[in-house]
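Quick notes on the structure that follows.
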Amino acid sequence: MSQATTPSSGGPLGAPAAARDRVVHPRPPSAHGPAPRKPSNLALRLVTAALLIPPVIWVIYQGGVFVLATVVVATLLAVNEFYQLIEQKGAEPLRGYGMAAAAALPVLMYFGYESLATVLLTVALLAMMVVQLAKARISEALASISGTFFGVFYVGWLLSHAVVLRQFTQVVASRWPDVAAGMHPEFGGFLLFYTISAVIAGDVGAYFAGRAYGRRKLAPRISPGKTVEGALGALAAGTAMAIAIKAGFDFANPEVASALSWGATVVTGFALAIVGMVGDLIESLLKRDAEVKDTGTLLPGTGGILDRIDSNLIAIPVMYYAMLAYVFLTKA
182 MSQATTPSSG GPLGAPAAAR DRVVHPRPPS AHGPAPRKPS NLALRLVTAA
232 LLIPPVIWVI YQGGVFVLAT VVVATLLAVN EFYQLIEQKG AEPLRGYGMA
282 AAAALPVLMY FGYESLATVL LTVALLAMMV VQLAKARISE ALASISGTFF
332 GVFYVGWLLS HAVVLRQFTQ VVASRWPDVA AGMHPEFGGF LLFYTISAVI
382 AGDVGAYFAG RAYGRRKLAP RISPGKTVEG ALGALAAGTA MAIAIKAGFD
432 FANPEVASAL SWGATVVTGF ALAIVGMVGD LIESLLKRDA EVKDTGTLLP
482 GTGGILDRID SNLIAIPVMY YAMLAYVFLT KA
């Protein structure tokens, strides 16, 4: 038998009368409104690129101490980021010694002392081992010495080749004066711009081709986001950019790029796209080992300086030595 509903019993839902009669006041709207939408990673990458590309082009065009100063600053920032990576692994790098040695390498290259730069690498390694003897902790000596020296080589030595690539005509003149006589003084500027452009185009091609068509993983253990389709996009875009740069110079100022044949353009453009991907994968390997996403936060959408120059760290030395071999085989 059902019970009658009375005011004291709270009504058909069994709620107390006081709860029934309570006035509910809605919360006032937020003064700030909904949280602003964060810009996408692609938008940040595009903005960062738009801000970086013009000054980089200007530095390459100016050459000389402008390129040297830029390389030294980039080296110091990138080496510092690299040492933060190995600190994630528990090592204690000899930061001051490593950064000083890395910054000295492009200076020696700028003044034409390539042989002294290799001597500096030897001296730096010996100095690091001696300094390690004075440290209180010896349990991480191997990681400290090897990590510090690898930072000097990986960043300082490889990036210093941007200086000599920009001065390529002068480098050739010191070895084969007759060949350099027929080479435009700004040929090195063309080569540096050509290399960086082809590598960046390959990176862009990989990004968009991977997003649009990526299905098969390229190196899942190292970088799960990279795909075979993205790699093919990188090869196509990098080679196309190399051809476009060569064509643009041939149209506007053919003497500057005349020392690089069209056959060499296609080959080097394709090769730069490959080594650019290798450089990217090497840095991805280091970051995965250190369990970090980016090496820094200096460049929005990209990460750190090392994240931005990783592909060119391999591509620039490869282009420099490939061009020396090309000149030796075809001109000297």
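The opening position of the sequence shown corresponds to residue 182 in this note's numbering, with each subsequent residue numbered one higher.
Beta carbons: idealized from backbone N, C-alpha and C, even for Gly.
The structure displayed is predicted, hence computed values, not measured ones.
Keeping to the same chain, check which residues put their C-beta closer than 7 Å to that of Ala354; ignore five residues upstream and five downstream. Within the same chain, and ignoring the five residues on either side of Ala354 in sequence, the residues whose Cβ sits closer than 7 Å to its Cβ are Ala361.
Segment contact flag, the segment 298 to 305 with the segment 450 to 468, C-beta cutoff 8 Å, min 3 pairs: Contact between the segment 298 to 305 and the segment 450 to 468 is absent, with fewer than three C-beta pairs closer than 8 Å.
Starting from Pro498, trace the alpha helix (DSSP H) both ways and give me its first and last residue. Note, Pro498: alpha helix (DSSP H), Ile486 to Thr511.
Where DSSP assigns a beta bridge to Ser558, which residues make up the other side? Residue coverage of the chain in this structure runs from 182 to 513, which leaves residue 558 outside it and unanswerable.
Need the endpoints of the alpha helix (DSSP H) that Asp384 sits in, please. First-last of the alpha helix (DSSP H) with Asp384: Phe368 to Tyr394.
Quick test of the definition: if touching needs 3 or more C-beta pairs under 8 Å, does the segment 360 to 375 touch the segment 316 to 329? No: fewer than three Cβ pairs fall under 8 Å.
State the start and end residues of the unbroken alpha helix (DSSP H) segment that holds Ile238. Note, Ile238: alpha helix (DSSP H), Asn222 to Gln243.
Backbone secondary structure at Leu480 - three-state DSSP: In this structure, Leu480 counts as strand in the three-state DSSP scheme.
Might you give, ordered along the chain, the residues of its own chain that have their beta carbon closer than 7 Å to the beta carbon of Met280, omitting 5 neighbours on each side? By the criterion of a C-beta distance shorter than 7 Å, Met280 is surrounded in its chain by Leu257, Val260 and Asn261, once the five residues flanking it on both sides are discounted.
Measuring alpha carbon to alpha carbon, tell me which of Leu289, Val345 and Ser404 ends up nearest Ile463. That would be Ser404, whose Cα lies nearest to the Cα of Ile463.
If you run the structure through DSSP and keep just helix, strand and coil, what is Pro274? In the structure shown, Pro274 falls within a coil segment according to DSSP collapsed to helix, strand and coil.
Assuming Gly429 contacts Glu410 (C-beta within less than 8 Å), just tell me the rounded distance between them. Separation of the CB atoms of Gly429 and Glu410 is rounded to 28 Å, and the pair is thereby denied contact status at 8 Å.
Quick check on the DSSP output: the alpha helix (DSSP H) that includes Ile365 runs from which residue to which? Checking the sequence shown, residue 365 turns out to be His, not Ile. Boundaries cannot be given for His365, as no alpha helix (DSSP H) includes it and DSSP labels it neither H nor E.
Is Leu399 buried or exposed, if buried means 16 or more other CB atoms sit within 10 Å of its CB? Leu399 comes out buried.
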